[in-house]
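J.: The following block contains the structure, expressed as structure tokens.
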Amino acid sequence: MIQGEALESSRSVCARTPRILYALVVLLLLSLCLSSKRCVASQIQLVTGTASLSSSSPKKEALHAAFRTAIEKAVGVQVISETEVENTVVLRDKIYAYAEGFVEKWEVLNERTDNELFVLEVKAWVKEGRLNKALFLNGIDVQKVYDWVGNPRIVVIVQEYIDGEPSQISIAQTEIEEIFKNKGVTVLGAEQIENIKKRDAELVFDSPEQAKILGNRLGAEIVVAGKCLSNFSREVKIGDYTQHFYSTYLQIKAYNTSTGEILLS
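Per my numbering, the sequence shown runs over residues 330 to 594.
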């Protein structure tokens, strides 16, 4: 939970709270790498990635292949299984490998063609840790990384209250959406979420399962759910002018809608 105090001369505090408050709060949350290994120095890997020249984007595919090799070399690989069942019927039974690391930056050293292959030689700086908890870490080229992870679509749902009453203006939600958009992230707009009921928003915040259902319904890979509570704190009179202060609390959670995993809390 993030707490701050906002100055306001009327009761419409959520509509007039300085926007920089929300921007700083969300950037702080999204920048926080919860892994205890966040400060470990990057490992430099020299790797080669290849892709078929007949593919739609051979250079991008070769770059992705190089990234995977670099991460696997730097942090190792774990093998896990995932089974999806519906009405006792197995819909998907998949075994796959993954590595908890990400490429912080990279440099293409050489590119060439070799028969039917496009070949890239890459110098990659690999950090150990989970990408979804460090996506907006300072120094990472967010747009490149966002493209690398498949351009997931995001929906933002924030419940906003002033003195216990629902706010008529969604300032916090708008600010969070703008931060994502400014980083090149695809955010589903009002036309996609206008049919979300208040009860849906309340359920999503504390329920990974509801987040999965809502995300799948809207076609979003990530659901960012939040609560913004503003309550009157005090007033200060200076001559003929009265200043009203409100205490504001902002809570945010992010869910992976394919697994229900909490990415940020």
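Heads up, the beta-carbon is just placed ideally off N, CA and C, and yes, glycines get one too. Here the structure is a predicted model, which means the values were calculated and not measured.
Is residue 481 helix, strand or coil by DSSP?
T.: If DSSP states are grouped into helix, strand and coil, residue 481 belongs with coil.
J.: By Cβ distance below 7 Å, which residues in the same chain neighbour residue 437 in space, the five residues on each side in sequence not counted?
T.: Result list for residue 437: 449 and 451, in chain order.
J.: So within the region 527 to 560, which uninterrupted beta strand (DSSP E) runs reach at least 3 residues, ignoring any that extend past its ends?
T.: Runs found: none.
J.: Going by beta-carbon coordinates alone, are residue 576 and residue 491 separated by less than 8 Å?
T.: No.
J.: So what does DSSP say about residue 590, is it helix, strand or coil?
T.: Correct three-state label for residue 590: coil.
J.: Identify which residue in 504, 561, 586 and 517 has its Cα closest to the Cα of residue 285.
T.: The first residue shown for the chain is 330 and the last is 594, placing residue 285 beyond what the model contains.
J.: Our contact map puts residue 584 next to residue 551 with C-beta atoms below 8 Å; I'd like the distance itself, whole angstroms only.
T.: That pair is a contact at about 7 Å.
J.: Leaving out the 5 sequence neighbours to the left and right, which residues in its chain are closer than 8 Å to residue 317 when beta-carbon positions are compared?
T.: Since the first and last residues shown for the chain are 330 and 594, residue 317 lies out of range.
J.: Any contact of the region 492 to 502 with the region 556 to 572, i.e. 3+ C-beta pairs under 8 Å?
T.: Verdict: yes, contact present.
J.: On a Cα-Cα basis, can you pick out the residue from 402, 432, 388 and 589 that is closest to residue 545?
T.: Of 402, 432, 388 and 589, the residue nearest in Cα terms is 589.
J.: Residue 487 and residue 455 - do their beta-carbons sit closer together than 8 Å?
T.: No.
J.: Can the beta-carbon of residue 549 be found closer than 8 Å to that of residue 582?
T.: No, these two residues do not count as a Cβ contact at 8 Å.
J.: Assuming residue 447 contacts residue 377 (C-beta within less than 8 Å), just tell me the rounded distance between them.
T.: Not confirmed; about 11 Å, so no contact.
J.: Taking C-alpha atoms, which residue in 566, 453 and 501 lies nearest to residue 396?
T.: Per the Cα distances, 453.
J.: Roughly how many whole angstroms lie between the Cα atoms of residue 282 and residue 387?
T.: What is shown of the chain runs 330 to 594, which leaves residue 282 out entirely.
J.: Counting only the same chain and skipping the five closest in sequence on each side, list residues whose C-beta sits under 6 Å from that of residue 501.
T.: Result list for residue 501: 351, 487, 489 and 557, in chain order.
J.: Which term fits residue 565, buried or exposed, when burial requires 16 or more other beta carbons within 10 angstroms of its beta carbon?
T.: Classification for residue 565: exposed.
J.: With a threshold of 16 other CB atoms inside 10 Å of the CB of residue 329, please say whether the residue is buried or exposed.
T.: Residue 329 cannot be examined here, being either before or after the span of the chain that is shown, 330 to 594.
J.: Starting from the Cα of residue 591, find the closest Cα among 538, 435, 480 and 573 and give me that residue.
T.: Cα-wise, what sits closest to residue 591 is 538.
J.: Go through its chain and collect everything with a Cβ distance to residue 540's Cβ below 7 Å, but skip five positions before and after it.
T.: Within the same chain, residue 540 has close Cβ partners 533, 552, 554, 584, 586 and 589.
J.: For the beta strand (DSSP E) containing residue 379, list its first residue and its last residue.
T.: First-last of the beta strand (DSSP E) with residue 379: 372 to 381.
J.: Over the uninterrupted alpha helix (DSSP H) stretch that includes residue 502, give me the two end residues.
T.: It spans 500 to 511 - the alpha helix (DSSP H) in which residue 502 sits, taken as one unbroken run.
J.: Are the beta-carbon atoms belonging to residue 403 and residue 374 less than 8 Å from one another?
T.: Contact flag set, yes.
J.: Using three-state DSSP, classify residue 398 as helix, strand or coil.
T.: Reduced to three states, the DSSP call for residue 398 is helix.
J.: Of all the options 392, 385, 443 and 503, which has the alpha carbon lying nearest to the alpha carbon of residue 435?
T.: The candidate whose alpha carbon is nearest that of residue 435 is 392.
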